[in-house]
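So in the UniProt record's numbering, spot 134 of the sequence shown is number 134, and the numbers just go up one at a time.
We treat Cβ as the ideally placed atom computed from N, Cα and C, and that holds for glycine.
Have a look at the structure below before the remarks.
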Amino acid sequence: MALESRITQEEIRKIPEKPIDREKTCPLLLRVFTTNGGRHHRGDEFARGQVPSSELQIYTWMDASLKELTSLVKEVYPEARKKGTHFGFAIVYPEPKRNGYRVKDIGNTMSGRKGENDSMTLQSQRFQIGDYLDIAITPPNRAPPLNPRMGMGRPF
């Protein structure tokens with residue numbers, strides 16, 4: 001008999017996070033892949049040991065917020081600093097049953113504007129060391145694509 005979790009995204013956000021002492025805790029290597037077309041990479045682009053070529057490597061902690069990660073990406077990509085640039089975040093993680101990878105949308109930020117996902121952390125979204133982060137960057141003159149998968153996540 002299979003059990004299915006009924007935990008919602010709102011309940012996940014309410015779970016208190018353990019504070020991380022960045023002075024005493026070693027950072028993790030976060031492998032970040034970016035696109036400039038406003039869409040995330042597909043899960044099959046990570047299959048068979050291959051990864052997209054647009055990789056950034058960031059040392060950070062599990063309590064890193066999406067806004068903090070946005071700032072780090074903007075340091076590398078000056079064109080993403082324009083006010084109104086949209087950043088769509090997704091976690092890419094292995095899905096053994098399908099022998100591939102799954103892309104889970106987790107939140108959005110925007111350059112120069114405050115948003116409801118700014119303080120969301122990797123830890124709060126069940127990121128696990130070894131997962132990838134995919135960031136779809138959309139210039140301010142183009143609307144980000146609506147994604148029907150938003151909110152669908154890793155099974156609990």
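With a minimum length of 4 residues, the unbroken runs of alpha helix (DSSP H) contained wholly in the region 42–102 fall at 66–76. Non-local beta-carbon contacts of histidine 40 in its own chain, meaning distances under 6 angstroms to residues more than five positions away in sequence, involve Ala90, Val103, Asp134 and Ala136 in chain order. Under the Cβ criterion (8 angstroms, minimum of three pairs), the region 106–116 does not count as touching the region 38–57. Sorting Lys97, Val92 and Asp21 by C-alpha distance to the C-alpha of tryptophan 61 places Asp21 at the top.
When Val32, Ile106, Gly43 and Asp105 are compared, the shortest CA-CA separation from arginine 98 is found for Gly43. Residue burial annotation: valine 76 is exposed, with fewer than 16 other C-beta atoms found within 10 angstroms of its C-beta.
Note that the C-beta distance between tyrosine 101 and aspartate 131 is not below 7 angstroms. Residue pairing from DSSP places aspartate 134 in a beta bridge opposite Phe33 and Ala90. Here the alpha carbon of proline 140 sits roughly 9 angstroms from the alpha carbon of serine 111.
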